[in-house]
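Numbering (the UniProt record's numbering), first residue to last: 1 to 226. Cβ atoms here follow ideal geometry from the backbone N, Cα and C, with glycine treated the same way.
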């Protein structure tokens, strides 16, 4: 799987509308699309194995949430954040995701801790195989396993909306192998701190992960604007 491929999971039996929405939402927040990319209901419907109707409904919801933009010609694209907007969102993420990591160190159960260890190993394997598309998918799952372990539905929902806004910019970070390697160091430290019940170290590791990624994205945004 290359960095250009989109990892959408085919929809199986359950409420199709909700599953389509979740699949597209997770692909956006996980960095599977480019900033400003035009999205096709037909293409995504084909990848998910559904009709275009639930995809259109998912797009409408995501437009309302600010994760997509409906242009005057009725095309749907992903938003392109300004540098100011990205910095503001990063500041909020540092606060909320650091808090979630602190809470996860207190509330994570044995299953969640085991899952975090497994996801760290999967990210290491993806790096070794230079499979950056796979790394993006596992990276999102790792972070949201922490936020689920924080045991706060309100906090989880706020973080999820933030990831929807910044998700496309994660691709700029994933294109650099050195950045991915540094991120995995912080992932391993966060998982170890949560397992040890050390909320301060868990929060520090997550904030360092976010801060270093933000520096790379900022640099890439500046290069693209010149």
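What is the DSSP secondary structure of residue i, reduced to helix, strand or coil?
i: residue 19; result: helix
i: residue 50; result: coil
i: residue 6; result: With a pLDDT of 48 at residue 6, under the threshold of 50, the modelled position of that residue is not reliable, and no figure is offered here.
i: residue 39; result: strand
i: residue 218; result: helix
i: residue 90; result: helix
i: residue 225; result: helix
i: residue 75; result: coil
i: residue 13; result: With a pLDDT of 49 at residue 13, under the threshold of 50, the predicted position of this residue should be treated as unreliable, though the coordinate-derived value follows. Coil, per DSSP.
I'd like to check one pair, residue j with residue i: are the Cβ atoms closer than 8 Å?
i: residue 83; j: residue 221; result: yes
i: residue 169; j: residue 81; result: yes
i: residue 138; j: residue 122; result: yes
i: residue 98; j: residue 203; result: yes
i: residue 187; j: residue 149; result: no
i: residue 193; j: residue 205; result: yes
i: residue 180; j: residue 132; result: yes
i: residue 100; j: residue 162; result: no
i: residue 140; j: residue 29; result: yes
i: residue 145; j: residue 164; result: no
i: residue 21; j: residue 64; result: no
Just checking: is the beta-carbon of residue i within a distance shorter than 8 Å of some beta-carbon in chain D?
i: residue 224; result: The structure shown contains no chain D; it holds only a single protein chain.
Do you know whose CA, among the options, lies nearest residue i's CA?
i: residue 88; options: 206, 187 and 166; result: 166
i: residue 151; options: 183, 192, 105 and 181; result: 105
i: residue 36; options: 206, 53, 52 and 171; result: 171
i: residue 94; options: 147, 48, 129 and 79; result: 147
i: residue 19; options: 78, 134, 90 and 50; result: 50
i: residue 67; options: 160, 16, 196 and 197; result: 160
i: residue 120; options: 143, 44, 86 and 157; result: 143
i: residue 31; options: 217, 53, 223 and 124; result: 217
i: residue 153; options: 182, 124 and 96; result: 96
i: residue 215; options: 128, 198, 90 and 130; result: 90
i: residue 127; options: 201, 79, 182 and 198; result: 182
Count the other CB atoms, across all protein chains shown, that sit within 10 Å of the CB of residue i; report buried if there are 16 or more and exposed otherwise.
i: residue 103; result: buried
i: residue 184; result: buried
i: residue 25; result: buried
i: residue 136; result: buried
i: residue 173; result: buried
i: residue 45; result: buried
i: residue 16; result: buried
i: residue 134; result: buried
i: residue 219; result: exposed
i: residue 42; result: exposed
i: residue 76; result: buried
i: residue 27; result: buried
i: residue 125; result: exposed
Quiz item: When the Cβ atoms of the stretch 205-219 are set against those of the stretch 71-80, are three or more pairs found closer than 8 Å?
Solution: no
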